[in-house]
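Remarks on the structure that follows.
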Amino acid sequence: MKANLIDLLNGNGFTEKPAENEILQSCNGLILQREWSKETEVVWYGKRTETFSVQVFINRKSGICHVAFYKDSREIKSRWYDTIGKRTYNAIAETVKNAGFEM
-7 MKANLIDLLN
3 GNGFTEKPAE
13 NEILQSCNGL
23 ILQREWSKET
33 EVVWYGKRTE
43 TFSVQVFINR
53 KSGICHVAFY
63 KDSREIKSRW
73 YDTIGKRTYN
83 AIAETVKNAG
93 FEM
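In terms of this note's numbering, the sequence shown has 22 at position 30, counting the first letter as 1, and numbering is strictly consecutive.
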């Protein structure tokens, strides 16, 4: 059985954002997103909340997707993938792990 990126992400806490744009609707597009946050201790400042979020656009007609990673609401990485399977899921999971969070 081939792994489906949508099922893998939904199983890991990603939620669907409604497609309000007609271009997204015409390509049978889907946006999934998830946000993590944690308290960190900063020297001479104190505690602050660090956030990390992932937004995934999936084009179900052509089988490609765009993944954007945000740290404290600033985009740190953006990438297009030509598959919507396990390879893309593993890349997302590894980037989240490298940022210090867990899927």
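Ideal Cβ placement from N, Cα and C applies to all residues, glycine included. Fair warning: this is a prediction, and the values are worked out from it, not measured in the lab.
{"Item": "Using the C-alpha atoms, what's the distance from residue 22 back to residue -7?", "Value": "The predicted position of residue -7 is uncertain, since its pLDDT is 41 and thus under 50; a value taken from the coordinates is nonetheless stated next. Cα to Cα, the separation comes out at about 22 Å."}
{"Item": "How would you label residue 7, buried or exposed, when you count the other beta carbons within 10 angstroms and need 16 or more for buried?", "Value": "exposed"}
{"Item": "Using a Cβ-Cβ cutoff of less than 6 Å, which residues in the same chain neighbour residue 52 once the five nearest sequence positions on both sides are dropped?", "Value": "20"}
{"Item": "Can you check DSSP and say which residues form a bridge with residue 31?", "Value": "41"}
{"Item": "Using only the alpha-carbon positions, how far apart do residue 26 and residue 17 sit?", "Value": "21 Å"}
{"Item": "Quick one: what does DSSP say residue 79 is sitting in, helix, strand or coil?", "Value": "helix"}
{"Item": "Determine the contact status of residue 0 and residue 81, defining contact as a CB-CB distance below 8 Å.", "Value": "yes"}
{"Item": "From the DSSP secondary-structure annotation, give me the bridge partner or partners of residue 69.", "Value": "61"}
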